[in-house]
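Below is one structure, written out as structure tokens; comments come after it.
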Amino acid sequence: MPENTKETTTPVAAGSLEPVTLEVGAQNTALEQKTRPFHGLRDFTRRMYRNGSARVGFVLLIVVVGAAILAPVIAPYDPDLTNSPERLQPPSMQHFFGTDALGRDMFSRVLFGAQLTLQIGVIALSIAAFFGIAIGLVTGYYGGFIDGLFMRLIDLLLAFPGILLALMIVSTLGPNLTNAMIAVGISSIPGFARLVRGSVLTIRELEYVTAARAIGVSAPRILWKTVLPNAMAPIIVLATLLFPDAVLVAASLSFIGLGAQPPSPEWGALLVDGRLYIQSASWLITFPGLAIFITIMGSNLVGNALRDVLDPHLRGR
Amino acid sequence: MLAYLIRRLLVLVPVWLGIITLTFLMRALVPGDPVESMFFGKGGDPKVIQSIRVEMGLDRPLHEQYFKYIVDVSRGDLGKSISTRRPVIDEIGDRYLKTIILAFSSLAVAVVVGIFLGVIAAIFKDTVIDTAMTVLALIGLSMPAFWLGLLFINLFAVQLRWISIVGPPDFPHLILPSLTLGFIYAAVLMRLVRSSLLEVLSQDYIRTAKSKGLAIRQVLTRHALKNALIPVVTILGLQFGALLGGAFVVENVFVWPGVGQLIVKAISQRDFPVIQGIVLLVSTTYVLVNLLVDVLYHQLDPRITARKGAS
Chain A
264 MPENTKETTT PVAAGSLEPV TLEVGAQNTA LEQKTRPFHG LRDFTRRMYR NGSARVGFVL
324 LIVVVGAAIL APVIAPYDPD LTNSPERLQP PSMQHFFGTD ALGRDMFSRV LFGAQLTLQI
384 GVIALSIAAF FGIAIGLVTG YYGGFIDGLF MRLIDLLLAF PGILLALMIV STLGPNLTNA
444 MIAVGISSIP GFARLVRGSV LTIRELEYVT AARAIGVSAP RILWKTVLPN AMAPIIVLAT
504 LLFPDAVLVA ASLSFIGLGA QPPSPEWGAL LVDGRLYIQS ASWLITFPGL AIFITIMGSN
564 LVGNALRDVL DPHLRGR
Chain B
4 MLAYLIRRLL VLVPVWLGII TLTFLMRALV PGDPVESMFF GKGGDPKVIQ SIRVEMGLDR
64 PLHEQYFKYI VDVSRGDLGK SISTRRPVID EIGDRYLKTI ILAFSSLAVA VVVGIFLGVI
124 AAIFKDTVID TAMTVLALIG LSMPAFWLGL LFINLFAVQL RWISIVGPPD FPHLILPSLT
184 LGFIYAAVLM RLVRSSLLEV LSQDYIRTAK SKGLAIRQVL TRHALKNALI PVVTILGLQF
244 GALLGGAFVV ENVFVWPGVG QLIVKAISQR DFPVIQGIVL LVSTTYVLVN LLVDVLYHQL
304 DPRITARKGA S
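From first to last, the protein sequence lines stand for chains A and B.
The numbering of the first sequence is the working numbering, which starts it at 264 and goes up by one.
The numbering of the second sequence is the working numbering, which starts it at 4 and goes up by one.
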């Protein structure tokens, strides 16, 4: 048990495991916890729970994820159901977030928009993580020509401001929601590739990798079974920190008309509709914007807390 | 210094060639024919399509098109817009200047607000004020620029009627977009200034300055802030790209006639020469700004020059 090992090494760390001795070294324990890596799932959960901003972040994300999962159950109306007599109604008990210009219930539309937003974030990140990790592992482990080639390519991609790269990809593939996800995914690849490559450069020199090589384990197996699991912590942290970026860029693309297209209830697309009625129906811009804000803030808070717990070295990146 | 500058400029040549190549590939990789795709599959007059293809050089082999593109771009010829038939450089024209004006005025807002609030947060470290600043920064970092823009329009133009949104691209119409983008980047700067200043304040020379009896304001302005702002300058350069990207979106909120508006129109019309022209100009600006920041960094931090001298 890693926790037992810790108990015998430092008395302060041992104190953190025993509720009785916790009070004695409370301050030192806090300091220790900020700097030492976590040990075991229990330690990880406890540290995340103790982190105030992580708690707030989790609550916000649970609201968004809950809205996405339960949308078909809790949405009072069909999100696409038009109802002309009830057009542009302000928020009320019948329509919590009011209605839009076609009389559609905004609360239901925002709930269903959560599904789209989470889908965009997860798919875009999966694309970025898959290709970024593959490139990072191969270039970091093998080095040489292939490393030089890919790293120059990554440097080149970084010469384009983030959203410009996404715009270039959308203009090549055509403006729609699927292509927006691909564009956001591709423009996040450089971050993953560089991070994984950096970790692999360190890990490949460690004794357990040399040992694996010495007993004849094949390179792909070493990468998959030995190197990748040990590079996972910073990858998870980066994924959490890139999630809000992905949501933001995708919503921005939809807002400028190059992502999800109306009548999609994607939040960025809802704001496009809302801005037309900004003078008479400000609720149309308030709630979809608030939903994007809550999602980004929740993931920022959880991401920062994860970074502090999983990988304190990443702080400030 | 001159040798350093020349070396850095030479390094830019392959980067710039890479940018041109990617920009070229962007059109070359379009599934199907770029001219036909402009007609959205509705099938334009074949004669017109063919004449546009010949004019754009699309009837020639890809490698020929590539070399011609490099030569043309190096001469400042960005081609003709497919939809308006005007030279791309004229299409972009002073729109580019408008985008740069928006980016720099936002940067000015971000620098003033960010440094001011960052210093306040550092001075009042671990107090309610510091916590309030952290919350404010978090709100700024989580706020989509287009939403903040819409909220500003609703507050200042619709509710308070202080400012009109529709109008010529003059100073009054620059205020809200600059504040929108500036506030968001102020959040990034504020956190950086705070942590950088706190690090500097723990240095020995600050203790010396304090112990010789300097007032806290003098310690801050004469010794601490100057050094704390060095890393901030680097981040400013990196953030400039994000700022340009943000300007693209904010222009579409406030109907500011910059290249952000133009690229959206060009993408929906599949007008590739215009898209390529904007991409080339913006990425070149970004690379040059980063070079400028690096040079500035060298000038600001005597330790770098000293290290170079010693080695």
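We put the CB at the ideal spot given by N, CA and C, even for glycine.
Given the structure is predicted, the values throughout are model-derived calculations rather than measurements.
Sequence-distant residues of the same chain with beta carbon closer than 6 Å to residue i, five excluded per side
i: A:I383; result: M444, A513
i: A:G315; result: none
i: B:P90; result: K83
i: B:M136; result: L120, A124
i: A:N563; result: P507
i: A:R467; result: Y404
i: B:E94; result: S84, V277
i: B:I118; result: V196
i: B:V92; result: The question names Val, but residue 92 of chain B is Ile in the sequence shown. Within the same chain, B:I92 has close Cβ partners L81.
i: A:N267; result: Any answer about A:N267 is weak, because its pLDDT of 39 lies below 50 and its placement is not dependable; what the coordinates show is given next. Same-chain partners within the cutoff: there are none.
Identity of the residue in the options nearest residue i by Cα
i: B:Q162; options: A:I541, A:P528, A:S462, A:F360; result: A:I541
i: A:G376; options: A:I499, A:S562, A:P526; result: A:P526
i: A:T465; options: A:N493, A:L440, A:N439; result: A:N493
i: A:G448; options: A:P551, A:L365, A:V319, A:L511; result: A:L511
i: B:P234; options: B:R56, B:L195, B:A190; result: B:L195
i: B:L120; options: B:L139, B:S84, B:P172, B:D129; result: B:L139
i: A:L421; options: A:S434, A:A456, A:F393, A:I390; result: A:A456
i: A:V385; options: A:V328, A:S515, A:R313, A:R484; result: A:V328
i: B:P17; options: A:D418, A:I499, A:T473; result: A:D418
i: A:P528; options: A:G403, A:G303, A:L381; result: A:L381
i: B:I126; options: B:V203, B:S109, B:S214; result: B:V203
i: A:E349; options: A:D341, A:D368, A:P342, A:N567; result: A:D368
i: A:G366; options: A:N567, A:F393, A:D536, A:P483; result: A:D536
Sheet register partners of residue i (DSSP bridge)
i: A:P348; result: BP columns for A:P348 are empty, so no partner.
i: A:P342; result: Answer is none; A:P342 lacks a bridge partner.
i: B:P172; result: DSSP lists no partner for B:P172.
i: A:T362; result: A:D368
i: B:K83; result: B:P90
Check: residue i C-beta below 7 Å from any heavy atom of the ligand PLP
i: A:L344; result: No copy of the ligand PLP occurs in the structure displayed, which carries no ligand at all.
Cβ-Cβ distance between residue i and residue j below 8 Å
i: A:I555; j: A:W530; result: yes
i: B:V2; j: B:L184; result: Nothing about residue 2 of chain B can be reported from this structure: the residues present for chain B run from 4 to 314 only.
i: B:A113; j: B:L144; result: no
i: B:V262; j: B:I281; result: yes
i: A:L400; j: A:L491; result: yes
i: A:P424; j: A:W546; result: no
i: A:A391; j: A:L505; result: yes
i: A:M431; j: B:M59; result: no
i: B:T237; j: B:Y300; result: yes
i: B:L284; j: B:Y99; result: yes
i: B:L81; j: B:P276; result: yes
i: B:A116; j: B:F186; result: Per the sequence shown, the amino acid found at residue 116 of chain B is Val instead of Ala. Yes, Cβ-Cβ distance for B:V116 and B:F186 is below 8 Å.
i: A:S371; j: A:P342; result: yes
i: B:W150; j: A:G522; result: no
Contact set for residue i: own chain, Cβ-Cβ below 7 Å, skip 5 residues either direction
i: A:L427; result: none
i: A:V565; result: A317, G320, F321, L324, T503
i: A:A334; result: L374, F375, A377, Q378
i: A:Y471; result: T489
i: A:A289; result: Any reading at A:A289 is ruled out, since the residue's pLDDT is 45, under 50, leaving its predicted position unreliable.
i: A:T273; result: In this prediction, A:T273 scores a pLDDT of 36, lower than 50, which makes its location untrustworthy; no coordinate-derived value is stated.
i: A:S543; result: L351
i: A:L501; result: G454, F455, L458
i: A:R580; result: For A:R580, the predicted model reports a pLDDT of 42, less than 50, meaning its position is unreliable; a value from the coordinates is still stated below. Excluding sequence neighbours, A:R580 sits near nothing in its chain.
i: B:L246; result: A106, S109, L110, L184, Y188
Chain-order list of residues whose beta-carbon lies under 8 Å from that of residue i (same chain, five-residue window excluded)
i: A:V322; result: G561
i: B:I168; result: I156, A160, H176, L179, F257, V258
i: A:L294; result: Confidence is the limiting factor: at A:L294 the pLDDT is only 49, short of 50, which leaves the residue's position unreliable, though a coordinate-based value still follows. Cβ neighbours of A:L294 beyond the five flanking positions: none.
i: A:I557; result: L323, V326, V327
i: B:R10; result: none
i: B:I270; result: I278
i: B:A6; result: none
i: B:V222; result: I209, A212, K213
Where the alpha helix (DSSP H) containing residue i begins and where it ends
i: B:K213; result: 207-214
i: A:E468; result: No alpha helix (DSSP H) holds A:E468; DSSP gives it neither H nor E.
i: B:Y7; result: 5-31
i: B:I118; result: 91-126
i: B:Q264; result: 262-271
i: A:V326; result: 315-337
i: B:E58; result: 49-59
i: B:V235; result: 228-257
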